[in-house]
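Going letter by letter, the sequence shown gives residues 1 to 875 in the UniProt record's numbering. A virtual CB, placed ideally from N, CA and C, is assigned to each residue, including glycine. Remember, predicted model here, so these are calculated numbers, not experimental data. The structure under discussion appears below in the form of structure tokens.
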Amino acid sequence: LFCFSFTMVSLPSLPVSVALSPRVYRILGCNSGSMTLQGTNTYLVGTGRKRVLIDTGEANNFAYLQYLSQTLSETGACICGVLCTHWHADHIGGVSNVARQYSVTNLMKFRRANPEENIKYEELGFEFVQEGQLITVEGATLKVIHTPGHADDHMSLQLLEENAIFSGDCILGDGSTTVFEDLDSYMKSLKKLQSLAPDLIYPGHGSPIHDAAKRIQQYIDHRQRRENQIFNVLSQSKLPLTPMDIVQKIYNETPAILHRAASVNVLQHLEKLQKLGKTKRKDGKWKALAENFAISITAHIFLMVLYPFVALDLLCVSSYLVMSILHPQYVYKKNANERQVITDRQPKSNFIGQLNGRSVIINGKDSTVEHLWNCGCFGRPMAENSNEPSSLVVLFLEEALYLVVISGCLSVANGDQAKFDHLLFIEITLDRQLIFSIYYLQLMTSGEFFSHCIASAADFVFRFAVYLHFRRRGWIVKPGLNYGVDYVVYPDAPSNVHSQFMVIIVPHWNGFQELPMTWRDAVSASRISCAVSKNVLLCGVKNFDGDFQKLTLDDLQQCPVQIVCLKQWFARRPFSDKKERKIRFKLAMPCRCLRWAFRIVNWEPSVTEWTRMLRCLQLDDLPRIRRQVFQEDIKATVAGGLMMRKAISVCTGLAWDEITLIRSSTGKPMLAENIQLGYQFSFNLSHHGDYVILATSSSSVCGVDVMKIEYPKLQMNLSEYFKMMSPQFADEEYAALNQQRTDSEKLELFYRYWCLKESYLKAVGFGIRCDLSQIHFIFNSLVVPVGQFEISTKLVFEETQHDEFVFEECHLDPYHAACVCYKHRGKCIPFQLVTMDFVLQDAVPLHHEEAIPVPGLCKAVPISPLDFSYYLFNR
């Protein structure tokens, strides 16, 4: 870590240990120097007894360990986990000392790009966190943000309660940081932090930054100025230069001891400029190349006048739209967890594409490819050389028309025409000789392009209507030629997940009364879908007839699409029109197996908010709310009901007012029988302590439970309490409880057993009538560490082991245990903390305030400021 803008003399002195906020203590690493400023900042985060430590300083620094022990003693806290922002020795070096001295087992960091580098961290006991993962302790919730550049495993941490960022070495309190590995990634990391709009930054070195937005912008501007300086020095030099030659010219005010570190920054800038085609490296030395530049209007007119007299190299754009730029070094992500594609964003840039048969080709830089991909996975990269990434993006016609008429970000040029009336740009290359290259394109209007698309294929109208139907519902649509169908649709990026459905378009299909294909075709499609684990969707444009040539874009966008999902049909079963009834459903967002948590503690809705929330619930929910006595139970019931409707809407695509919930005989909520989804979907809810939690699953069953780990409120000791509860436990479980050494260990195990039993009962719908002693669990480990998942637990019911059930155990924070029960092992998903604003984002009232049968329920207020236990239903 290096600071270029300040010397040690000018840096302000910092106290070794200080409380920066009610939930953040800073302990300096006692390793001050010209490269570490006042020392590495380590942070103790949380308000309860168990807290998390961010970074550990250098190895064997006993002065730091002494100050850390003093801070823990003063606060009465202990370390329940360590988060290391990156692999550099001044941040991770002391982790072994801290883990050994304070018996810390939860060590967390981000995974390095090279798998071999991760082996040593796994041997040290590190768990690798993921982008967006939440780490919670009492009073603090930290969200992991991958910010590579300074190091490939560098992560920042967002403290949600303060809207603050622990920036590690990405941003310093004083001066600027060194980019050791990838400047392009570092700039993207800065913009990612900028998009979070933090109020405060806790840096890895230096003082806290209270003007966060200004400082981040300064970092971005600083890097751009440095890049301009470096390029200007190269441009003005007649001879190639080494990075150290450039350092001596532009870092002349920086102490000489930091020049070698500065050369690392310079080298990163040079490599970035090389990717842009602005610099060239040979034998360790660098020189500047002539830039491509946009032609001005004056130059345009000048060239048009001189055209008859000057021999210019006029180039028509080919199907590849060749440009004299290097291939971008953008590498598509290999790990699906690193980034989630936002499919409902519209591209903001404007692109020009070349029409090439039944496709449109865009030639752009790496930012073009990445932008189109991030805004909905548009296009397919096409490489001229399979060993290099490509800047060429191929769009199929339906995809291109969507970007033209819906997004309005694409203009299409017809390369087949001989007339050129739009000058795109000019390039001048001064490598060996002066060469003018003028690129001409004739841009088509949206109407001309639409007419061309209709004329390209007889069924294009139907294809685009179906494409538009899926795109508007958040699906990613790609050609299905590999499967012998029209489309395949994905719920997320094709590089992240497999497609769920294969789409067959049926032209001129006007109803569900007749099967729109022969049974042999249906069986063939079904067998293919079964082999590749997908379902077949038959799609047709309903009630469409007329002259295609007179069809307008508005007409096409209003064409309703009807969909039938083919379930598994087999040739050995006789075909019957009645037995093989097709399932009609509204296709929208697929189930994504949600895990949501909402904190009801300190949540105090206003009268207006109560009114809105209660109107967004079904009328038959209100009597159940009225039966609750304690305020926390009322809040949990209301919040839970709203979370269920929101989750169902997100996972199924049903609108808020299309959802009807009923309850089974045991009280389990479920969708009404008249709602047919065509795929498995289950959900469940639980509340206890500070949280209401919700889980959804794509399996047939789902149960969830949360328990706050606390002493029982009854006037008895733990032994008496466990003895009273012993009939609810198997003999092995009761023996395991009594074998625990401390009360805290006994309580942890007791609530773990209870979460497991409750989640299973809620999943299968047994209710409380089941004999709980017949439900027994086999553990690999008696402890579930905070921040980790345990999925190895086995269920034994009535002396039979049931391996089909998966129990996903975790902690919301050190004081709340949770468990999700479902069938068929899937990917563990951490609980996401949601807000009521998010839950009510798409909510609509289901009834009028006057229709509420309980008088004044929506105006409920506490009895008195001192008693928040009961609600009055009349003011």
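By alpha-carbon positions, which one of the options ends up nearest to residue i?
i	options	result
Phe-166	Lys-191, Lys-143, Ile-201	Ile-201
Thr-147	Val-137, Arg-595, Ser-185, Leu-160	Ser-185
Ala-99	Ile-27, Phe-126, Ser-73, Asp-153	Phe-126
Val-497	Leu-72, Phe-470, Ser-533	Ser-533
Leu-172	Ser-237, Asn-114, Thr-36	Thr-36
Pro-785	Cys-375, Val-701, Lys-143, Ala-818	Ala-818
Tyr-43	Asp-621, Ala-151, Gly-206, Leu-124	Gly-206
Gly-667	Pro-494, Thr-608, Gln-70, Asp-620	Asp-620
Ser-699	Cys-821, Glu-745, Tyr-815	Cys-821
At the level of alpha carbons, what is the spacing between residue i and residue j?
i	j	result
Leu-642	Leu-694	11 angstroms
Cys-84	Val-638	39 angstroms
Phe-501	Phe-128	33 angstroms
Leu-782	Ala-736	9 angstroms
Lys-109	Leu-617	42 angstroms
Val-692	Asn-738	30 angstroms
Ser-73	Tyr-219	38 angstroms
Val-52	Pro-15	21 angstroms
Tyr-679	Ile-648	13 angstroms
Glu-799	Gln-774	8 angstroms
Gln-217	Arg-380	34 angstroms
Val-839	Tyr-760	26 angstroms
Ala-588	Gly-474	The predicted model places Ala-588 with a pLDDT of 35, which falls under 50 and marks its position as unreliable; any figure quoted below should be read in that light. Approximately 7 angstroms between the Cα atoms of the pair.
Cys-828	Asp-492	18 angstroms
Asn-118	Leu-661	47 angstroms
Ile-600	Phe-722	29 angstroms
Phe-807	Leu-443	58 angstroms
residue 952	Thr-652	Because the chain is modelled from 1 through 875, residue 952 falls outside the range shown and cannot be assessed.
Leu-594	Ala-843	18 angstroms
Phe-464	Asn-482	19 angstroms
Asn-228	Gly-640	55 angstroms
Pro-727	Asn-41	52 angstroms
Gly-33	Arg-260	16 angstroms
Leu-142	Phe-789	17 angstroms
Kindly indicate which three-state DSSP category residue i falls into: helix, strand or coil?
i	result
Asn-363	strand
Tyr-490	strand
Met-502	strand
Thr-56	coil
Glu-131	coil
Cys-316	Any reading at Cys-316 needs caution, since the residue's pLDDT is 29, under 50, leaving its predicted position unreliable; the model's value is listed next. DSSP places Cys-316 in strand when its eight states are reduced to three.
Arg-595	strand
Gln-562	strand
Trp-603	coil
Pro-15	coil
Ala-455	helix
If contacts are defined as beta-carbon pairs under 8 angstroms, then residue i and residue j qualify, I think. What distance do you get, rounded to the angstrom?
i	j	result
His-269	Leu-190	So it is not a contact: roughly 15 angstroms between Cβ atoms.
Gly-689	Lys-762	In fact, because the Cβ distance is near 17 angstroms, the residues do not count as touching under 8 angstroms.
Cys-755	Met-707	5 angstroms
Val-393	Leu-372	6 angstroms
Gly-46	Val-137	4 angstroms
His-154	Asp-174	Not quite, the Cβ-Cβ distance comes to about 19 angstroms (not below 8 angstroms), so this is no contact.
Gly-540	Val-503	In fact, because the Cβ distance is near 11 angstroms, the residues do not count as touching under 8 angstroms.
So the beta strand (DSSP E) residue i belongs to, where does it begin and stop?
i	result
Tyr-25	24-28
Pro-669	669-671
Ser-156	155-159
Arg-663	661-663
His-91	Premise fails: His-91 lies in the alpha helix (DSSP H), 89-92, not in any beta strand (DSSP E).
Phe-110	107-110
Pro-203	200-203
Ser-686	682-688
Glu-658	First-last for Glu-658: undefined, no H or E at that position.
For the alpha helix (DSSP H) that residue i lies in, which residues bound it at each end?
i	result
His-269	259-275
Met-444	It is not in any alpha helix (DSSP H) - Met-444 carries neither H nor E in the DSSP assignment.
Ala-763	743-764
Ser-167	Per DSSP, Ser-167 belongs to no alpha helix (DSSP H); it is in the beta strand (DSSP E), 164-168.
Ile-220	212-236
Ala-636	631-652
Phe-722	718-725
Thr-71	62-75
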